[in-house]
Structure formats: C-alpha cells, structure tokens
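Peer 1: Residue numbers (this note's numbering): 3 to 295.
Each residue gets a CB set at the ideal place from its N, CA and C atoms; glycine is no exception.
Mind having a look at this structure? Questions to follow.
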Amino acid sequence: MKAVYVKHQIANLIPISKIVTIHYFEFEKDFVSSGESHDFWEFVYIDKGEAIVTAGKQKFILKQGEGYFHKPNEFHALSANSVTALNVFIVSFVCNAKSMDFFKSKKIKVQQKWKGFITAIIEEGRKTFDLPFNNPDLKGLTLRENAVIGGQQMIRTYLEQFLISVLRSETKEAETRIFPTRETMENHLVCEIIKIIEGALYTQLSVTDICEKLSYSKAYLSKIFKAYCGYSMGEYLILLKIEKAKQLIREKEFNFTQISDMLAFSNPLYFSRVFRRVTGMSPREYLNSVKIN
Numbered sequence: 003m004k005a006v007y008v009k010h011q012i013a014n015l016i017p018i019s020k021i022v023t024i025h026y027f028e029f030e031k032d033f034v035s036s037g038e039s040h041d042f043w044e045f046v047y048i049d050k051g052e053a054i055v056t057a058g059k060q061k062f063i064l065k066q067g068e069g070y071f072h073k074p075n076e077f078h079a080l081s082a083n084s085v086t087a088l089n090v091f092i093v094s095f096v097c098n099a100k101s102m103d104f105f106k107s108k109k110i111k112v113q114q115k116w117k118g119f120i121t122a123i124i125e126e127g128r129k130t131f132d133l134p135f136n137n138p139d140l141k142g143l144t145l146r147e148n149a150v151i152g153g154q155q156m157i158r159t160y161l162e163q164f165l166i167s168v169l170r171s172e173t174k175e176a177e178t179r180i181f182p183t184r185e186t187m188e189n190h191l192v193c194e195i196i197k198i199i200e201g202a203l204y205t206q207l208s209v210t211d212i213c214e215k216l217s218y219s220k221a222y223l224s225k226i227f228k229a230y231c232g233y234s235m236g237e238y239l240i241l242l243k244i245e246k247a248k249q250l251i252r253e254k255e256f257n258f259t260q261i262s263d264m265l266a267f268s269n270p271l272y273f274s275r276v277f278r279r280v281t282g283m284s285p286r287e288y289l290n291s292v293k294i295n
C-alpha cells in the first residue's frame, strides 16, 4: 500500500523580496547627510560612536549598539555628533508583509546574539556585490563578476532571520533555565573575554593576563574563543586596537604617533605596519579614504 504524506506549506512570516543597498560606513565626526525618503525599508545600526537621527518629524540620538527601522516613505537623515567618529551599518530592502508593521519607527538595542546576522550580511554582501567604500550616494547593488555562489540568497535569509529574532524577542518572554547549559556558560566566558579586551585597548594586555583574570586555563579559553569568534584572543585584541585607531584618526584630535602611543604599540613604525596588515592601507591612506567630498 502506498503511503500518503502531507506536504506542509511553509509560512513566510517575513519574506524579503528585494535587497536595495548594503552599507558599512566609517564616517568622520563631522559627517552630515542631507536626508532622503524612499518606498522601501531601511535599518540603521550604530556599530561605534553616536548618531543624530531624523525620522519624519522626530530627531533623536542613536547610541552605539542601537538600531532603528525607517518605514517606507519616511523622510530620514543621519549625522555624526561632531565629537566621535561614526561606524554605521545600513541595509535597505523590500518587504510588503503585514508582519512588518511591528517594525514601523522601531528603535532597538541590538543583542549580542543578533550581531552575528549583521556581520554575516556584511561579509556576504562584500563577496556578492561590488560595494564601494564609504559611498553614501550608492543607489543600487552591482553584482561582482566572481560573486560567491548563493550569496544573494544567503543575504536574504540572514536578514530574515535577524528580523524574526527581533520580532520573537520583543513579543515573547525569554525562556528561563535553572541551570546554565555548557553552551550558555561558554558564551558567557567569551563575552567576559571581549569585555576585558575592550576595556584594555590602551594597555599592553596579554592572553595570560586574560586567563588569570578569569581563572581558566589558556588552552581552554583559547579554544572556546576561537570557536565562537573565529579569531585568537591576541588577533581579536589587535583588530579592536586598529578599529579604535581608525576612530581616533577620523576624529583628528591626535597625530599618528600619539595614537600609536595611546594604544600601547611599541613604536609608530610597528603601529603603521600592523595597521596596513589589517586594513590594507597606511594610516595616512586611510585618513584620505574616509573623506566625503
């Protein structure tokens, strides 16, 4: 006898039909946009610094780690605060689902677990489309000649997962556990390591120092950090130091030698060499590249 199977139709809660733009900007502290409106959604996430956001008739501060959803046809603008250099992720997209009403004029604090979706969108975007650096006038995406297989679909699914995760978190109470799982414990340790590193950018922090602070072995912490972040603790420290250096360069309060000293590099030449290795540019070339004409 032939078995009868029921084919379940999968519901699409948040179906993204089109991606319009993907940006990751590194702006100077005096950046100001003229503003615009368009008939699709735009999500803005402040990765570093602080932004002044205009949304319709509202004007408010968006701090580091916060995001905002601009609804279709809403006039919006963004500027730096004239004090701190600004790193901002922006993705714009088309979605006509009724469920998107939840996101209208929605301001969120981006949770650590959501940041992976944003990082994945940026990485897939760079491998899939030709994304010019710091071009706020970009009006559409150009497919790379050697675009990674399935990149467009990966971008869409990462964005859909991000939106669904935000929707779930805001509308349903989080699950509570009496005893933490191993994954929860390891994730907590990774977060603690990151906090230590972020608080020590102006010092000569070593991996041994981190392990002593947390009272765990170097082998164990190195293993879980690499597994969760994809970098060793030492590599991650260097990456954050260079990100801080980029911010300081854009703020133009200190010269390159002073920045090298502030971030505890052994000498300016070593700082410049590490900066080029990480960014592909010298500090001077980077400063010239972020100027918006």
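For Gln154, which of helix, strand or coil comes out of DSSP?
Peer 2: helix
Peer 1: Mapping the DSSP letters down to three states, classify Ile12 as helix, strand or coil.
Peer 2: In this structure, DSSP gives Ile12 a state outside helix and strand, which the three-state scheme calls coil.
Peer 1: Between Val93, Val85, Lys65, Leu64, which lies nearest to Lys73 when the distance is taken from Cα to Cα?
Peer 2: Val93
Peer 1: Could you tell me which residues DSSP pairs with Val192 in its beta bridges?
Peer 2: In DSSP, Val192 forms no bridge with anything.
Peer 1: According to DSSP, is Ile24 part of a helix, a strand, or is it coil?
Peer 2: strand
Peer 1: With 16 as the cutoff for other CB atoms within 10 Å, does Thr23 come out buried or exposed?
Peer 2: So Thr23 ends up on the buried side.
Peer 1: In terms of residues, what are the limits of the alpha helix (DSSP H) holding Asn290?
Peer 2: Run containing Asn290: 285-291, per the alpha helix (DSSP H) assignment.
Peer 1: For Phe95, which of Asp211, Thr56, Lys20 has the nearest alpha-carbon?
Peer 2: Of the candidates Asp211, Thr56, Lys20, the one whose C-alpha sits nearest the C-alpha of Phe95 is Lys20.
Peer 1: Examine chain D for any beta-carbon lying closer than 7 Å to the beta-carbon of Ile123, and answer yes or no.
Peer 2: No chain D is present in this structure, which holds just one protein chain.
Peer 1: DSSP three-state call for Lys111: helix, strand or coil?
Peer 2: strand
Peer 1: Counting only the same chain and skipping the five closest in sequence on each side, list residues whose C-beta sits under 6 Å from that of Thr178.
Peer 2: Caution is warranted here: a pLDDT of 45 is assigned to Thr178, below 50, making its placement in the model unreliable, and the coordinate value is therefore given only provisionally. Hits under 6 Å: none found.
Peer 1: Output needed for Lys248: all residues of its chain with C-beta closer than 7 Å, excluding positions within five of it in sequence on either side, in chain order.
Peer 2: Glu28, Tyr288
Peer 1: If we require 4 or more residues per run, which alpha helix (DSSP H) segments fall completely within the stretch 205-269?
Peer 2: 209-216, 220-231, 235-253, 258-264
Peer 1: So, Gly153 versus Glu125, is the Cβ gap smaller than 7 Å?
Peer 2: No. Outside cutoff.
Peer 1: Taking a contact to mean a Cβ-Cβ separation below 7 Å, would you say Ile110 touches Gly67 in this structure?
Peer 2: no
Peer 1: Quick check: what's the CA-CA separation for Asn136 versus Asn98?
Peer 2: 29 Å
Peer 1: Over what stretch of residues does the beta strand (DSSP E) that includes Asp49 continue unbroken?
Peer 2: 43-50
Peer 1: Short of 7 Å in beta carbon distance, which residues of its chain neighbour Glu162, apart from the five on each side in sequence? Order them along the chain.
Peer 2: Ile16, Ile18
Peer 1: Please determine, among Lys220, Lys246, Met283, the residue with the shortest C-alpha to C-alpha distance to Ala202.
Peer 2: Comparing Cα positions, the closest option is Lys246.
Peer 1: Three-state secondary structure (DSSP) at Ala79?
Peer 2: strand
Peer 1: At the level of alpha carbons, what is the spacing between Ser167 and Tyr272?
Peer 2: 42 Å
Peer 1: Let me confirm a value: Arg170 is counted as buried when at least 16 other C-beta atoms fall within 10 Å, else exposed. Which label applies?
Peer 2: exposed
Peer 1: What does DSSP give as the partner residues of Ser94 in its beta bridges?
Peer 2: Thr23, Glu44
Peer 1: Are Ile226 and Glu188 close, meaning C-beta to C-beta below 7 Å?
Peer 2: yes
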